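Letter 131 of the sequence shown, counting from 1, is numbered 823 in our numbering, and no numbers are missing. Beta carbons are placed, not taken as given, at the ideal position from N, Cα and C, and that holds for glycine. For clarity, every value in this text was computed on a predicted model and none was experimentally measured. Here the structure comes first, spelled out in structure tokens, and everything after it is commentary.
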Amino acid sequence: LSEGSSSSSSSSSVIRVLGATATTCKKDLANKLLLERLTALCALPTDSIALDIVINIHEGAPCQLAPKLPSCVVHTSSVRGSKLLFWRTVLTPTFTRPYHVVWNFDNDVRLEPSAFPFHFAIRAFVESKAAMSQPCVSSGGKRQNSGHIPNLRCNAQLHRCKKFPSTSPCYM
């Protein structure tokens with residue numbers, strides 16, 4: 693697909709979402725889970741939301757993450773360095789113009805439908821006119837770093853917070 697084009701059909705009532713994440717080229721558990729979770733997310737019914745995904749390989753060299761990427765992955769890039777540089781380089785106004793929501797997410801977020809209410813989150817994002825949304829990472833009340841991939845979760849509730857950090861399990 694060309695830059696900024698959609699893998700899904702579009703209509704005026706459909707919310708067009710561009711998801712963007714970055715990862716390494718390693719064949720490890722994190723990437724295995726990322727691809728499984730993206731596959732499940734891409735398979736969700738799309739009557740009201742059209743999802744396209746961009747994946748950046750942050751080592752700066754193109755690579756093949758899998759023989760076949762999930763169906764909603766429309767672009768891969770290989771911008772070396774931080775997520776901010778990827779966002780600035782790839783998520784240009786021209787690329788993002790067709791989308792209602794640009795959703796930047798870490799590669800270790802649990803995206804499977806049982807853990808992440810995608811449709812609810814996108815509708816809340818649109819209705820709140822939020823400029824940015826980020827899930828809070830927690831595990832049974834104890835904060836964990838992203839190296840504890842099986843323990844990551846979000847309780848599916850969105851809260852608006854006036855100050856950071858939030859004490860709620862999720863915030864917007």
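Pick from the options that is closest to residue i, judged by C-alpha positions
i       : options                            : result
Ser-705 : Lys-718, Thr-738, Leu-777, Leu-726 : Thr-738
His-767 : Leu-743, Ser-806, Glu-751, Leu-776 : Leu-743
Phe-810 : Lys-718, Ala-735, Lys-719, Ala-714 : Ala-735
Phe-662 : Glu-819, Thr-715, Pro-754          : This structure leaves residue 662 out entirely; the chain is present only between 693 and 864.
Val-771 : Val-746, Arg-815, Ala-816          : Val-746
Lys-718 : Gly-752, Leu-803, Pro-805          : Gly-752
Arg-729 : Ile-814, Asn-799, Ala-816          : Asn-799
Pro-754 : Ser-774, Cys-764, Phe-778, Ser-769 : Ser-769
Opening and closing residue of the alpha helix (DSSP H) in which residue i lies
i       : result
Ala-813 : 810 to 820
Ala-722 : 721 to 734
Pro-737 : Counting along the chain, Pro-737 falls outside any alpha helix (DSSP H), and DSSP gives it neither H nor E.
Pro-785 : 785 to 788
Contact belief for residue i with residue j at Cβ below 8 Å, rounded distance in angstroms
i       : j       : result
Val-709 : Val-793 : 5 Å
Ile-707 : Ile-741 : 5 Å
Glu-804 : Ala-732 : 5 Å
Ala-712 : Leu-776 : About 12 Å separates the two Cβ atoms, so there is no contact after all.
Delimiting residues of the beta strand (DSSP E) encompassing residue i
i       : result
Arg-708 : 707 to 715
Asn-799 : No beta strand (DSSP E) contains Asn-799, which DSSP labels as neither H nor E.
3-residue-minimum beta strand (DSSP E) runs that sit fully inside the stretch 750 to 783, ordered along the chain
765 to 769
Touch check for the stretch 715 to 725 and the stretch 755 to 763: three-plus C-beta pairs under 8 Å?
yes
Three or more C-beta pairs closer than 8 Å, one from the stretch 808 to 822 and one from the stretch 781 to 790: is that the case here?
no
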